[in-house]
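Note sheet for the following structure.
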Amino acid sequence: AYHYEPKAEFLFPDKKGEWEIIYKATPKEPGHAQPKVPMWGYLDEANPKDMDKKISAAVEHGVNTFIFDWYWYNGEPFLENCINNGFLKANKNRMKFYLMWANHDATTYWAKDNPRKDSVIWKGSVDRKQFDIVVDRVINKYFKDPSYYKIDGAPVFCIYELHTLMAGLGGPEQTRDALNYFRKKTIEAGFPGLHLQGILWQALPSSIAGVPGEKIETQNKVMDYFGFNSLTNYCWAHLQSFPKVRVGSL
């Protein structure tokens, strides 16, 4: 995130978000050009004027919808100011948006001096009480915005890690109950339904054990069991390994 987040100040004391990692980067070997300087400078995503610039460039190049990573840690939102203060206050009439709940653990992998994925700061899983709070927040704060992206009138909501959602809610049956509640609340808010979207990558369960009376042995059946409407991909690196090249051969 390229804006100030008070809860992340211990990671980014300059109050510039992940820009701090970019402009403090140093070369690792001869010929390694660092730091990289953005052509537009270090824009603040939480500034509506800077967001206007992003929206205009996107629309001019055929992009009409932004998907924002959305976080919920320790009972409260994280990195929302990009949406709340940036996008929603910008000239957004030409652009739609929707949320992908990035419900992965937050780790010190963000830390510039000691990046580690195995050191967890906040857990991404939530219990049912927190899930219900999330449902109310996204429906009332985002789904009702005219710019929120909908398919056949149904707001689109994407969930990054299905297995993490299940772990927090207690299992597949509890997770299906929670998602059905989400649909019910969305309909009660005046929408024809909820378009639930999953992320297709290696962490997506290919089968589910422990569901009485049902054989769930393929990803298609997993998606049907929970009522997902569509699948998308977060980034190509989830589906393709990065090519390995010896440095000396470059």
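Taking our numbering, the leading residue of the sequence shown gets 198, the next gets one more, and so forth. Note that the Cβ used here is the ideal one computed from N, Cα and C, for glycine as well.
Paired residues, beta bridge with K341 - DSSP: K341 is not bridged to any residue.
Separation of M420 from S404, as counted between CA atoms: S404 and M420 have their C-alpha atoms roughly 10 angstroms apart.
Other residues of its chain near N244: CB distance less than 7 angstroms, five sequence neighbours each side excluded: Listed in chain order, the non-local C-beta contacts of N244 below 7 angstroms within the same chain comprise G283, local neighbours out to five positions each way being set aside.
W269, buried or exposed, once every other Cβ within 10 Å from all chains shown has been counted against 16: Its Cβ being crowded by 16 or more others within 10 Å, W269 is buried.
Cβ pair F265, F340 closer than 9 angstroms: No, the pair does not count as a contact, with Cβ atoms beyond the cut-off.
Cut-off 6 angstroms between Cβ atoms - residues of its own chain near W267, not counting five sequence neighbours on either side: For W267, where only same-chain residues beyond five positions count, the Cβ hits under 6 angstroms are L296 and W298.
Y239 versus F209 - alpha carbon distance: Just so you know, the alpha carbons of Y239 and F209 end up roughly 14 angstroms apart.
Among L376, E206, H435 and K251, nearest to R325 - alpha-carbon criterion: For the options L376, E206, H435 and K251, the alpha carbon positioned closest to that of R325 is the one of L376.
Other residues of its chain near K286: CB distance less than 7 angstroms, five sequence neighbours each side excluded: Same-chain partners within the cutoff: P245.
Contact set for G321: own chain, Cβ-Cβ below 6 angstroms, skip 5 residues either direction: Non-local beta-carbon contacts of G321 in its own chain, meaning distances under 6 angstroms to residues more than five positions away in sequence, involve N300, H301, D302 and T361 in chain order.
Delimiting residues of the alpha helix (DSSP H) encompassing Q252: In the sequence on display, residue 252 carries Ile and not Gln. P245 to E257 is the span of the alpha helix (DSSP H), which, as asked, contains I252.
First through last residue of the alpha helix (DSSP H) which encompasses M420: That run of the alpha helix (DSSP H) goes Q416 to F423.
Three-state secondary structure assigned by DSSP to P227: Note: P227 maps to coil in three-state DSSP.
Helix, strand or coil at L391 according to DSSP, with G and I counted as helix: Residue state, collapsed to three classes: coil.
Environment of P369 [buried if 16+ CB atoms lie within 10 Å]: That one is buried.
C279 - DSSP class collapsed to helix/strand/coil: In the structure shown, C279 falls within a helical segment according to DSSP collapsed to helix, strand and coil.
Touch test, the stretch 412 to 427 against the stretch 378 to 393, Cβ-Cβ under 8 angstroms, three pairs minimum: Result yes; three or more Cβ-Cβ pairs closer than 8 angstroms.
Helix, strand or coil at Y201 according to DSSP, with G and I counted as helix: Coil.
Neighbourhood of K179 by C-beta distance below 7 angstroms, restricted to the same chain and skipping five residues each side: The structure shown does not extend to residue 179, since the chain is modelled only from 198 through 447, so no value can be given for it.
Ordered list of alpha helix (DSSP H) runs contained in the stretch 336 to 386, each at least 4 residues: Taken in chain order, the whole alpha helix (DSSP H) runs of length 4 or more contained in the stretch 336 to 386 are 359 to 366 and 369 to 385.
Cβ-based neighbour list, V332, same chain, cut-off 6 angstroms, excluding 5 preceding and 5 following: Closer than 6 angstroms at the Cβ level, and outside the excluded window around V332, lie F379 and K382.
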